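*Asks:*
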Amino acid sequence: MSLVELLAQADERGLAASGLACLDRCVPLLGGDDEVLRPLWAGLVDDGEAWGEKVAKVRGELASSDADVEVDAGGGAADSGVEAVLLARRMLDAVPGERSGDALREWAEICSVSALRIHQLLDPLDAGGDDSVADCRAGRTEGASHLVAAELRRQVVVLELLAQHGAAGVRQALGAATEGRRVLRAVVSRRARGARR
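Per numbering that gives the first Met the number 0, the sequence shown starts with residue 0, numbered consecutively.
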């Protein structure tokens, strides 16, 4: 199934995991440490108890982060770096205060599109735009760069894990998010080094 189809069939836990995994992979753009989203991951195993409080705490921690996120590489790449950070911030701002309902589905969609677009923006080999992100989500991946294709695979894996295993799949979904975060952190670091040269 395509990513769009998997999202359409996902239950509330699957949608929450999907959105959270996308946001977790993009935490390096927000200056957050690797553990900042752990309380929300833990909340996926239970029935969403205190979800809103955990969301508020995470937002506060990331808002107060004084990390200097460098993603510019000069010229047009500087604009793409700024747009990537804004997309990551949008994902964080859109986290619903309750882990239920249509707001959760909307957030998962925002995160899916934003995460793919972020990987596209940060990949110097990808010249695609919003249309190619939509194509990828629909299962048409011809021409997608390695970085974008890998992000698409991770999004699919998270949804499949939650669909097959429910709460028991959360740990594996976190593993997929952690791997993707390392990849993005390395990309951001490379761009920062390039900007300093």
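Glycine included, C-beta positions come from ideal geometry on N, C-alpha and C. None of these values were measured; they are calculated from a predicted model.
1. Pop quiz: Arg192 and Ser1 are said to be a contact at Cβ under 8 angstroms. What is the actual Cβ separation, rounded to whole angstroms?
2. Given that a residue counts as buried once 16 or more other Cβ atoms are within 10 Å of its Cβ, and exposed if not, what is Leu124?
3. With distance defined between alpha-carbon atoms, name the residue in Val54, Asp45, Ser79 and Ala166 nearest to Arg190.
4. When DSSP labels each residue in this structure, what does Gly18 get in the three-state scheme?
5. Of the residues Ile109, Asp101 and His118, which one's Cα is nearest the Cα of Val81?
6. Could you tell me which of Ser111, Gly31 and Asp122 sits nearest to Val157, measuring between CA atoms?
7. Would you kindly work out how many angstroms separate the C-alpha atoms of Ala15 and Leu43, rounded to a whole number?
8. Have a look at Leu6 and Ala107 and give me their C-alpha separation to the nearest angstrom.
9. For Leu146, report the span of its alpha helix (DSSP H) as first-last.
10. Going by C-alpha distance, which of Glu60, Arg116 and Gly47 is nearest Gly30?
11. Once the 5 residues before and after Arg184 are set aside, which same chain residues still bring their CB inside 8 angstroms of it?
12. Check each candidate in Met90, Gly96, Trp50 and Ser99 and name the one with the smallest Cα separation from Leu115.
13. Our contact map puts Asp130 next to Ser144 with C-beta atoms below 8 angstroms; I'd like the distance itself, whole angstroms only.
14. In the DSSP assignment, the alpha helix (DSSP H) including Pro38 goes from what residue to what residue?
15. Going along the chain, which residues of its own chain have a beta-carbon closer than 7 angstroms to the beta-carbon of Val147, five neighbours each way excluded?
16. Provide the residue span of the alpha helix (DSSP H) that contains Ser111, from first to last.
17. Relative to the C-alpha of Gly13, which candidate in Arg170, Glu159 and Ser63 has its C-alpha closest?
*Replies:* Let me lay it out:
1. Taking C-beta atoms under 8 angstroms as the contact rule, Arg192 and Ser1 fail to qualify, at a distance of about 36 angstroms.
2. Per the 10 Å Cβ criterion, exposed.
3. Considering only alpha carbons, the answer is Ser79.
4. Gly18 carries a helical assignment under DSSP once its states are collapsed to helix, strand and coil.
5. The shortest C-alpha separation from Val81 is found at His118.
6. The alpha carbon of Val157 has as its nearest neighbour, out of Ser111, Gly31 and Asp122, the alpha carbon of Ser111.
7. Rounded to whole angstroms, the separation of the alpha carbons of Leu43 and Ala15 is 7 angstroms.
8. The alpha-carbon separation between Leu6 and Ala107 amounts to approximately 8 angstroms.
9. Unbroken alpha helix (DSSP H) run through Leu146: His145 to His164.
10. Restricting attention to Glu60, Arg116 and Gly47, the CA atom closest to the CA of Gly30 is found in Glu60.
11. So the qualifying residues of the chain are Pro27.
12. The alpha carbon of Leu115 has as its nearest neighbour, out of Met90, Gly96, Trp50 and Ser99, the alpha carbon of Met90.
13. With a beta-carbon spacing of about 15 angstroms, Asp130 and Ser144 fall beyond the 8 angstroms limit used to define contacts.
14. Counting along the chain, the alpha helix (DSSP H) containing Pro38 begins and ends at Arg37 to Gly42.
15. The answer, listed in chain order, is Leu115, His118, Gln119, Asp122, Asp125 and Cys135.
16. Where Ser111 is concerned, the enclosing alpha helix (DSSP H) stretches over Gly100 to Leu121.
17. Of the residues Arg170, Glu159 and Ser63, the one whose Cα lies closest to the Cα of Gly13 is Glu159.
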